[in-house]
Amino acid sequence: MNMNKYLVCVSVFAVALLSGCGSSAKYVETGSRRNVVTVGQINIQDYNQAAEAMINSLLASGVLDRVPNPPAILAISRFVNNTSEQIDIDLLVKKIRVALNKSGKAVTRTTWGLGDTAEDPLAKELEATAATTAGRKADFTLSGKFIETTVHAGRTRQSTFSFQLSLSDARGLAVWEDEKEITKQGTRPSIGF
Amino acid sequence: MKNNCCCKLASRIGRFNVTNNLKAFSTAILAAGLLAGCHIGSVNTVERAEPVARRQLIVDKRISHDPFLKKNLGIVAVNQATTPAGLLQVQIEVLNLTSSYMRFNYQFEWFDANGMRVSTPASTWVTTQLEGGESKFITGVAPNPACQDFRLKLIKSIN
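So the protein sequences, as listed, match chains A and B.
In terms of the working numbering, the first sequence is residues 54 to 246.
In terms of the working numbering, the second sequence is residues 258 to 416.
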């Protein structure tokens, strides 16, 4: 009887242990030091840090306040991806848009894009009906480029990701520009690929 | 017989000496390599003896939970200004008090006049590095004109 009880207890304990140890998945704060860092890829914390630098630079410049009728209207232009990976530019651009929107300094036009494409087609129809903003499509356009530079020396690998952004006004002049570079280094394992 | 024993002893002593010499030599090489590899020098600076710029310094309050950062990462000064757009701008000078390379993360938090935290994508953890003896300015810009206060969080980097 005692032996049976003992076996039951051990079995329950073992099951509990196995179920507890089976998964190593856990939540971590996005962008924190607990995030995975890889050398050859742009990680989420890299986008966050680039966005942080760009937002601070753009807000501190005061260029968005130089419009006759604030807040400034922003349109999103072309972003060139010269890295080895496919990039969704909204990982960077949306953060900047959200920050500018919350600052009250700029709003983004969602009905005007490259090739006559609208981010929000319904809003474009609504705009055509209302026709309230005729003659002022945007005060500024935001464009940019992502560049990757990779070097190897022995077992050490290094990747630099450059985030370059430009804000142009209606005259076609870049009234604000900035660049954020993020460099990461790592070593390949001595055995394996 | 006695001669044979003496030879064996001499041989052992000889081997012992050679082994010891080799050990000492290799230890010295290793130590030199380690020293050369780890310590690549600290930062020297030069600047105007009497700076023209006048920083608007603010009195700060520090709460330390990490003894390593408290001991090795100095907060030299905290100053503030207002941007042309009317946003609060804060600059904190940090100094690596060691002669070794140091990596840490920081994050700004912003608060409105009621002390409520203002959420912004710009409030994220940022990784930065300092060479031995190097000082660096960490700058933050308030996300909107309503922000009156800030808090800077510092933590050791593990990457």
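In this text, a Cβ means the ideal position worked out from N, Cα and C, and glycines have one as well.
query = Shorter than 8 angstroms from the beta carbon of A/Ile108 to some beta carbon of chain B?
reply = Yes, A/Ile108 lies at the interface with chain B (some Cβ there is under 8 angstroms from its Cβ).
key: For B/Leu354 and B/Arg453, the rounded distance between their alpha carbons   = With chain B represented from 258 up to 416, any question about residue 453 of chain B goes unanswered, as that position is not in the structure.
query = Among A/Lys148, A/Thr91, A/Ile126, A/Thr213, which residue has its Cα nearest to the Cα of B/Pro378?
reply = Taking B/Pro378 as reference, the option from A/Lys148, A/Thr91, A/Ile126, A/Thr213 with the minimal CA-CA separation is A/Lys148.
key: DSSP-derived helix/strand/coil call for A/Thr213   = In this structure, A/Thr213 counts as strand in the three-state DSSP scheme.
ask   = In this structure, what does DSSP give as the bridge partners for B/Leu345?
value = Checking the DSSP bridge columns, you'll see B/Leu345 partnered with B/Thr339.
Local Cβ density within 10 Å of A/Leu179, reported as buried at 16 or more and exposed below that = With fewer than 16 Cβ atoms within 10 Å of its Cβ, A/Leu179 is classed as exposed.
key: A/Asp118: contacting residues in chain B (beta-carbon distance under 9 angstroms)   = Those within 9 angstroms of A/Asp118 in chain B are Pro341, Ala342, Gly343.
request  = Grab the span of the alpha helix (DSSP H) containing A/Ser114 for me, first residue to last.
outcome  = Counting along the chain, the unbroken alpha helix (DSSP H) around A/Ser114 starts and ends at 97 to 114.
inquiry  = Check for me: the beta strand (DSSP E) holding A/Thr182 runs from which residue to which?
reply    = In the DSSP annotation of this structure, A/Thr182 is not part of any beta strand (DSSP E); the continuous alpha helix (DSSP H) holding it starts and ends at 174 to 183.
inquiry  = Within a Cβ cutoff of 7 angstroms, which residues of the same chain sit near A/Phe193, ignoring the five residues on either side of it in sequence?
reply    = Cβ neighbours of A/Phe193 beyond the five flanking positions: Ala125, Leu127, Leu220, Ser221, Asp222.
query = Quick one: does A/Gly157 have its CB under 8 angstroms from some CB of chain B?
reply = A/Gly157 counts as touching chain B.
ask   = If you compare alpha carbons, which of A/Glu82, A/Arg210, A/Ile95 is closest to A/Asn135?
value = Among A/Glu82, A/Arg210, A/Ile95, the Cα nearest to that of A/Asn135 belongs to A/Ile95.
ask   = Just checking my contact of B/Gly331 with B/Val351 at CB under 8 angstroms: how many whole Å lie between their CB atoms?
value = B/Gly331 to B/Val351, Cβ: 7 angstroms. Contact.
message = Let me check one thing: in DSSP terms, what residues is A/Lys198 bridge-paired to?
response = According to DSSP, A/Lys198 shares a beta bridge with A/Val133, A/Gln217.
CA nearest to the CA of A/Glu201, picked from A/Asp173, A/Ala227, A/Glu234 = That would be A/Glu234, whose Cα lies nearest to the Cα of A/Glu201.
query = Looking at the structure shown, is A/Ile235 part of a helix, part of a strand, or coil, going by DSSP?
reply = It is a strand residue.
inquiry  = 8 angstroms is my cut-off, CB to CB: does B/Trp367 come that close to chain A?
reply    = It does not: the Cβ of B/Trp367 has no partner Cβ on chain A nearer than 8 angstroms.
Where A/Gln98 meets chain B, residues with beta-carbon distance less than 8 angstroms = For A/Gln98, the chain B residues whose Cβ falls inside 8 angstroms of its Cβ are Thr381, Trp382, Thr384, in order along the chain.
request  = Under the assumption that A/Arg86 contacts B/Ile412 (Cβ atoms under 8 angstroms), give the Cβ distance between them as a whole number of angstroms.
outcome  = The pair is a contact, with the Cβ atoms about 6 angstroms apart (cut-off 8 angstroms).
key: Backbone secondary structure at A/Asp141 - three-state DSSP   = Coil at A/Asp141, not helix or strand.
message = Just verifying my parser: in three-state terms, what is the DSSP assignment at B/Val398?
response = It is a strand residue.
query = What residue range is occupied by the uninterrupted beta strand (DSSP E) comprising B/Lys410?
reply = Counting along the chain, the beta strand (DSSP E) containing B/Lys410 begins and ends at 404 to 413.
ask   = Of all Cβ atoms in chain A, is any one closer than 8 angstroms to the Cβ of B/Ser357?
value = Output row for B/Ser357: interface = no.
Cross-strand partners of B/Met359 (DSSP beta bridge) = B/Leu387.
request  = Using 10 angstroms around the beta-carbon of B/Phe325, count the other beta-carbons present and answer buried if the total reaches 16, otherwise exposed.
outcome  = That one is exposed.
query = Cβ atoms of B/Thr340 and A/Ala113: under 8 angstroms apart, would you say?
reply = Taking 8 angstroms as the Cβ cut-off, A/Ala113 and B/Thr340 qualify as a contacting pair.
request  = Report back the beta-carbon spacing between B/Gly389 and B/Ser321 to the nearest angstrom; my notes put them in contact at under 8 angstroms.
outcome  = At roughly 21 angstroms, the Cβ-Cβ gap does not stay under 8 angstroms, so B/Gly389 and B/Ser321 are not in contact.
query = By how many angstroms is the C-alpha of B/Asn371 removed from the C-alpha of B/Cys404?
reply = Straight-line Cα distance between these residues: approximately 9 angstroms.
ask   = Taking only beta-carbon atoms, is B/Ser414 less than 8 angstroms away from chain A?
value = By this cut-off, B/Ser414 is an interface position.
message = Is there a Cβ of chain B sitting closer than 8 angstroms to that of A/Leu112, yes or no?
response = It does: the Cβ of A/Leu112 has a partner Cβ on chain B nearer than 8 angstroms.
ask   = For A/Gln102, which residues in chain B fall below 9 angstroms Cβ to Cβ?
value = Thr381, Trp382, Val383, Thr384, listed in chain order.
inquiry  = Against chain B, does A/Arg86 count as a neighbour if the rule is that its beta carbon must be under 8 angstroms from one of theirs?
reply    = Judged by the 8 angstroms Cβ criterion, A/Arg86 is in contact with chain B.
task = Confirm, please, whether the CB-CB distance from B/Val335 to B/Tyr363 is below 8 angstroms.
result = The answer is no: Cβ separation not under 8 angstroms.
message = In this structure, how does DSSP classify A/Asp118 when only helix, strand and coil are distinguished?
response = The answer is helix: DSSP assigns A/Asp118 an H, G or I state.
task = With distances taken Cα to Cα, identify the nearest neighbour of B/Asn401 among A/Val204, A/Arg208, A/Gly157, A/Thr213.
result = Distances from the CA of B/Asn401 to each of A/Val204, A/Arg208, A/Gly157, A/Thr213 were compared; the closest alpha carbon is that of A/Gly157.
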